[in-house]
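Note sheet for the following structure.
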Amino acid sequence: MKKRRIVVGITGASAVLYGVRLLEVLQSQPEVETHLVMSRAAGITLRLESPEWTIERVKELADVVYRENDIAASIASGSFSVEAMVVVPASMKTVAQIATGTGENLLCRAADVTLKERRTLIVVPRETPLHLGHLRNLTTLAELGAVIVPPMVAFYHQPNSVNDIVDHSVGKILDLLKIEQSLFEPWQGPSSVSD
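Residue 779 in our numbering sits at position 84 of the sequence shown, and the numbers go up by one each step.
As structure tokens, then:
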């Protein structure tokens with residue numbers, strides 16, 4: 696069976712747990728092969744926000760792991776076939792670098808390759824409030840073909856924990872990747888209607 700290669704990029708934005716959770720779920724999918732690139736800042740944020748996770752544990756969730764500055768890595772070339780890339784969470788610095796095509800590091804280069812090859816790029820921006828520069832960069836990414844998926848809190852599935860909130864956003868990403876998920880129940884309408 697040919698594996699579905701998915702690149703996961705994790706930056707130093709707050710909420711690194713979104714990327715970790717995505718890797719956890721993808722690891723349970725036998726048809727998926729994950730390629731991980733984490734920024735140095737992601738490791739710092741991980742230690743600050745999720746001390747129960749180490750960088751080594753996160754790397755163990757992926758099939759292939761790359762160094763942030765390894766610009767000769769396979770995912771830096773369009774000739775290496777991947778299905779999609781998810782940048783989760785995406786810092787505003789990374790959003791700006793992808794939007795301008797600078798290829799500053801492997802994560803940004805891989806995202807640029809994903810766009811130029813017309814593959815699926817999902818960007819999960821983590822910042823609030825957003826100033827006009829942020830919005831313009833996100834608009835540029837959308838115009839280039841990226842799917843922008845801010846991790847917005849939803850209440851229709853009645854979350855009881857932070858994990859429920861994380862799972863909802865990760866479930867949305869999985870839906871976009873066309874990977875069956877059971878992290879949250881899709882909205883079916885109200886069970887009863889009253890005026």
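C-beta: ideal position from N, C-alpha, C; glycine also.
Since this is a predicted model, take the numbers as computed values, not measurements.
- Within the region 699-740, the runs of alpha helix (DSSP H) at least 4 residues long that lie entirely inside it are, in chain order, 712-722.
- Here residue 790 carries a helix assignment [DSSP, helix/strand/coil].
- If you draw a 10 Å sphere on the C-beta of residue 864, you find 16 or more other C-beta atoms in it, and that means buried.
- Under the DSSP definition of a beta bridge, residue 782 partners with 704, 818.
- Contact annotation: residue 779 and residue 701 have beta-carbon atoms nearer than 9 Å.
- According to the DSSP assignment, residue 861 belongs to the alpha helix (DSSP H) that extends over 857-871.
- Bounds of the beta strand (DSSP E) holding residue 759 are 759-761.
- With respect to the 9 Å criterion, residue 818 and residue 713 are not classified as neighbours on the basis of their beta carbons.
- Residue 730 is classed as buried because its beta carbon has at least 16 other beta carbons within 10 Å across all chains shown.
- As a beta-bridge residue in DSSP terms, residue 843 pairs with 818.
- Here the alpha carbon of residue 709 sits roughly 11 Å from the alpha carbon of residue 742.
- Ranked by Cα distance from residue 753, the first of 825, 773, 766, 732 is 732.
- Pairing residue 815 with residue 871 gives a Cβ-Cβ distance under 9 Å.
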